[in-house]
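Report on one structure; see the data block that follows.
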Amino acid sequence: MSLFCREGLMRGEDAFLSEALQHPRRSLGNRYRSQAEKFLRIIEDNDKNLSWAEQSAKQSVLYDFTNEENWKILIKIKVLMRDSDGARAVLADLFSVLGRDPDLMSQLADRDVIDSCERMLDAAFSNDPLDPDKWWEMIGKKNEGMEAFSERLRGLDVSDQRANILFSRRLERVRRGGLEDVFLELTRILLSQRPINHEAWEELGMMYERRSQYDEAWLCYDQAKSVFPDSTAIERFKARMEKIVDGRGSEPWRAPSISDRAAFLDKLGSLTKTQQFSELEDVGDGEEHDLFSKIERLRSDGKTTEAFFLARRMAAEGAEGAEDKVAEILQDLEV
C-alpha cells in the first residue's frame, strides 16, 4: 500500500484499498468531491465540518486518482487544518502515482510543506498532467518531447498500480499517435515493473499480432494467461493462427521453443529498475535449488518482479515446483 494510504489517507480507519478502488471511478470521485466542497462552505457553523470535508476529499482521491481537482481540494483542506505531515503524505502519494520521480521526492525531505504544498501540487500537474489527452498535447508541443519522456520513463518507479494505469493510458495515446515502436518498447518497461497487468499483456500481444510477429504475440498472451488464468487470449490466438494456416495451405505455426520463452523472460527481467539480470544458462537439476534460493533472496530484498520473471523462466523450462512458486509471487505482486 502506498505511503499516502499508510500515513495520511486512511489514518485511523479500518479500510482496505482494493484493486477495484484503484481503478478510476469518476462519478464517485466527483460525488465525494462535491460533498467535501459542501462541508467546506459551512465550516464556520461547526468545527467538525472540516473533518467531514477531509474524509470526503480522501474518498474522492481513492475513487478517482486521475482527477486533479480531487487532489487539489484535499491539499487545500490539509492547509486549512495546518496538517503539514498530512500534506506531505498527500504529495508523496501523488508523486508515487507520477512514478516516484527522484527530483520530486527529494522536495519532501525534512521540510515543512504547509505553506508551499499547493504550489508544489500545481507545479506537478503543470509539468505532468494526469489527463492523458492534456499530457499528449503537452508532449506534442515540446521539442523532442517524446524522446525526453521515453528516457524519463526508464528511470521511474511505476510499480504502483495507479502509476501503471496512468502510464498505460499515456502509452495508449502514443499508440494512437502512430508511434508503434515506442509503444512496444515502453509498454514492456511498464510490464517489467508490474507484470500482473494482464490487460496490458493482451494489448501488447494484439499489437505484435497485427505486425505479424506471431512468436512475440504468443509470448505476451502466454504471460497474460500466467497472471490471469481466466484469460482466453492465447486460445483465441491459436484459433486465429489455425485459420491463417488453413487458408494459405502453409506449414502450421508452432509456439516458441522453451529457449525462446526463456530468452523473452530474461529480457523482461533485464528491464526491471532494481536489478539487472545476467543471462542464465539452461536450468539443470543440480542448479534448481540454487535458483530457488535466489528467488527467495530477491523476494526478501523486495525485488518481487525479478523473482517473478526468474520463477516464470524456471516454470517454462519445466523445473519442478516452479509453477507453485510463480503462484506465490503473484500473491505478493497483488498487494
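Read in the working numbering, the sequence shown has 335 at position 325, and its numbers run on one by one without any break.
The C-beta atom is built at its ideal place from N, Cα and C for all residues, glycine as well.
For residue j and residue i, believed in contact at Cβ under 8 Å, the rounded distance
i	j	result
L140	E78	5 Å
I268	E327	6 Å
F247	H208	F247 to H208, Cβ: 14 Å. No contact.
D170	V107	7 Å
M217	L194	6 Å
L101	L60	Wrong, their Cβ atoms sit about 20 Å apart, outside the cutoff.
E252	Y231	Incorrect: roughly 15 Å between the Cβ atoms, too far for contact.
L163	L196	6 Å
V89	C127	7 Å
L118	R98	5 Å
Closest by C-alpha distance to residue i, when choosing among the options
i	options	result
R41	I53, D57, Y73 and S61	Y73
D191	E157, N207, N174 and D170	E157
S66	D342, D120, D55 and L50	L50
A173	M115, F105, L196 and E209	F105
R129	R264, K86 and D143	K86
I187	W145, E212, G312 and K277	The question names Ile, but residue 187 is Gly in the sequence shown. Considering only alpha carbons, the answer is W145.
D125	A102, D103, I149 and M91	M91
S236	G39, A325 and W81	A325
D47	D55, L38, W62 and R323	The residue asked about is misnamed: residue 47 is Glu in this sequence, not Asp. Out of D55, L38, W62 and R323, W62 has the C-alpha closest to the C-alpha of E47.
Y224	I339, I206 and I254	I254
Reduced DSSP category for residue i - H, G, I as helix; E, B as strand; rest coil
i	result
L131	helix
D143	helix
I124	coil
W228	helix
T197	helix
R307	helix
F238	coil
L108	coil
Q117	coil
E154	coil
N137	helix
R162	helix
L343	helix
Where residue i falls, given that 16 or more other Cβ within 10 Å makes a residue buried
i	result
T242	exposed
K68	buried
V336	buried
N341	The sequence given here places Gln at residue 341; Asn does not occur at that position. Exposed, since its Cβ has fewer than 16 Cβ neighbours within 10 Å.
L19	Per-residue confidence for L19 stands at a pLDDT of 39, beneath the threshold of 50, marking its modelled position as unreliable; no derived number is given.
D311	exposed
I244	buried
D240	exposed
I175	buried
S202	buried
E147	exposed
S178	buried
E316	buried
Element boundaries [alpha helix (DSSP H), containing residue i]
i	result
M324	T314 to A326
A211	Checking the sequence, you will find Trp at residue 211 rather than Ala. Segment H208 to R220, the alpha helix (DSSP H) holding W211.
G279	I268 to L281
N59	K58 to Y73
N40	R36 to R51
W263	Unbroken run through W263: none, as it is neither H nor E.
E182	Q171 to R186
N80	E78 to L90
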